[in-house]
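Residue numbers (UniProt numbering): 1 to 488.
No residue lacks a Cβ here, since even glycine has one placed at the ideal position from N, Cα and C.
Okay, so here's the structure we're looking at.
Put into structure tokens, the structure is as follows:
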């Protein structure tokens with residue numbers, strides 16, 4: 001039996017006699033130095049520790065961040081679109097809130113007029129009968145009435161009978177002038193009334209209707225003698241001449257009314273600019289405008305053609321002439337609108353374009369159809385002039401006439417739709433959006449033309465776009481200057 005021996009030599013612990021060559025070592029002995037050197041070398045040559053999971057988690061997070069950035073950019077674009085749409089709807093609501101009360105007032109006024117027309121005229125109280133002449137006072141000697149038979153005038157209203165006012169029929173003069181005047185009178189015993197003989201050498205007037213008896217005593221029927229078509233007495237004005245006359249009369253009345261109002265408004269504007277804090281001129285302008293509008297509405301109702309003719313009418317020369325574009329640009333620059341007013345004006349212009357775009361798109365087609373219908377009815381070209389001279393020379397088919405009437409009606413509705421869109425713009429600008437001082441300034445600066453709302457809004461939009469482009473160019477130039485400074 002072998003006995004395990006424990007020996008210690010040079011830092012080695014040996015169990016028994018038959019221990020393997022491996023030994024447990026501890027402490028700083030000479031045999032532990034090579035092991036320490038190897039561990040230090042292994043630590044120096046080792047790579048830094050990688051994070052748990054490697055590169056795959058970082059790549060996934062970066063991809064998610066990129067996706068989130070794209071979503072944020074899309075959301076920002078949606079937010080900008082929503083804000084712009086909200087602003088557009090707010091401006092549109094402002095336009096409608098301004099225009100709807102005006103239309104309601106006009107509708108109530110028209111309903112009142114219609115109800116009055118249905119009820120008929122209000123009966124006036126009966127007036128007392130005027131006194132009747134029963135007897136004339138005797139005339140003084142030497143007066144013009146002295147030679148008159150006063151007894152013949154002594155009658156009452158009941159005494160007037162049909163016999164007194166019997167008028168003999170108009171007969172043609174006999175062929176011979178030597179006949180005696182024929183007595184025409186009432187019953188037997190009554191005084192006869194003699195017709196004086198015609199004057200010798202004087203042409204007797206002939207009537208267009210002849211009746212009575214001829215020389216042989218036979219009854220003849222009344223004859224209608226044709227009148228000369230070139231006679232100035234019996235000539236009838238054409239519808240075109242009547243329309244031109246009405247338009248000239250309307251423009252003359254409008255010119256006097258508008259010129260007088262502009263003169264007074266210009267003086268009040270001068271006083272307002274001299275003393276901006278004084279409310280007196282503004283109140284006077286408001287009162288003047290309130291007095292002017294009913295007159296303008298009455299003139300427009302009497303002459304519907306006036307609403308379009310005034311925009312092509314020069315108040316200074318009285319000629320039909322349109323205003324140049326530069327004229328409205330000067331007026332638009334002097335309006336001094338606030339940002340809210342400018343946004344409201346652009347919203348009104350947008351509403352006009354939305355409503356008038358379909359009508360303007362079909363205008364050319366409808367006009368071509370009407371022109372084709374006129375050519376089909378009148379013959380077109382020189383045939384139209386011939387048809388005007390001789391209406392019976394051209395015979396149009398009923399189908400062509402019906403097509404022409406239909407095209408004219410559709411074109412009239414098309415023009416009416418555009419007019420309604422323009423009325424929205426006018427009602428919006430003249431009711432609450434601008435102050436009375438701004439409206440008066442626009443009217444005064446627009447002279448010698450009447451203020452054109454559509455032309456002013458279009459000019460405002462062009463000036464606004466030009467200003468935005470100029471600001472963008474200035475911002476880009478400033479950014480380039482900053483970048484050049486940084487690079488240098």
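- Around the CB of residue 109, fewer than 16 other CB atoms lie within 10 Å, so the residue is classed as exposed.
- Residue pairing by DSSP places residue 313 opposite 320 in a beta bridge.
- Around residue 431, the same chain offers 98, 102 as residues with beta carbons nearer than 6 angstroms, after the five sequence neighbours per side are excluded.
- Within the segment 399-449, the runs of alpha helix (DSSP H) that reach at least 4 residues and sit entirely inside it are, in chain order, 436-445.
- Taking a C-beta distance under 9 angstroms as the contact criterion, residue 117 and residue 323 do not qualify as a contact pair.
- With contact defined as three or more Cβ pairs closer than 8 angstroms, the segment 365-379 and the segment 468-476 are not in contact.
- Using a Cβ-Cβ distance cut-off of 8 angstroms, the segment 419-429 and the segment 350-357 are in contact, since at least three pairs of beta carbons, one from each stretch, lie closer than that value.
- Counting along the chain, residue 336 sits inside no alpha helix (DSSP H), nor does DSSP assign it H or E at all.
- Under the three-state reduction of DSSP output, residue 480 falls in the helix class.
- Here residue 91 is buried: its Cβ has 16 or more other Cβ atoms, across all protein chains shown, within 10 Å.
- Here residue 462 is not near residue 407, since their CB atoms are 9 angstroms or more apart.
- Separation of residue 330 and residue 337 (C-alpha to C-alpha, rounded to the nearest whole angstrom) is 14 angstroms.
- Taking a cut-off of 8 angstroms on C-beta distances, the segment 277-285 touches the segment 257-268, as three or more cross pairs fall below it.
- At the C-beta level, residue 314 and residue 449 come within 9 angstroms of one another.
- According to the DSSP assignment, residue 239 belongs to the alpha helix (DSSP H) that extends over 239-274.
- With fewer than 16 other Cβ atoms from the protein chains shown falling within 10 Å of its own Cβ, residue 297 counts as exposed.
- By the neighbour-count definition (other C-beta atoms within 10 Å, threshold 16), residue 446 is a buried residue.
- One Cα belongs to residue 343, the other to residue 83, and the distance between them is close to 14 angstroms.
- With contacts defined as CB atoms closer than 9 angstroms, residue 251 and residue 437 fail to qualify as a contacting pair.
- Shown here, residue 66 sits in a helix according to DSSP, grouped into three states.
- In the structure shown, residue 305 falls within a coil segment according to DSSP collapsed to helix, strand and coil.
- Of all alpha-carbon atoms in 256, 339, 475, the one lying nearest the alpha-carbon of residue 317 is that of 256.
- In chain order, 341 place their CB closer than 7 angstroms to the CB of residue 434, counting only its own chain and leaving out the 5 sequence neighbours on each side.
- Closest by C-alpha distance to residue 291, out of 258, 374, 479, is 258.
- Residue burial annotation: residue 451 is buried, with at least 16 other C-beta atoms found within 10 angstroms of its C-beta.
- Sequence-distant Cβ neighbours of residue 247 in its own chain, meaning closer than 8 angstroms and more than five residues away, are 303, 305, 306, 309.
- In this structure, residue 262 sits near residue 443, with a CB-CB distance shorter than 9 angstroms.
- A straight-line Cα-Cα distance of about 33 angstroms links residue 85 and residue 327.
- Rounded to the nearest whole angstrom, the CA to CA distance from residue 413 to residue 441 is 35 angstroms.
- Going by beta carbons, residue 347 and residue 421 fall outside the 9 angstroms limit.
- Note on residue 332: 16 or more other CB atoms within 10 angstroms of its CB, so buried under the neighbour-count rule.
- Taken atom to atom, the span from the alpha-carbon of residue 398 to that of residue 295 is near 45 angstroms.
- Taken through DSSP and simplified to helix, strand or coil, residue 277 comes out as coil.
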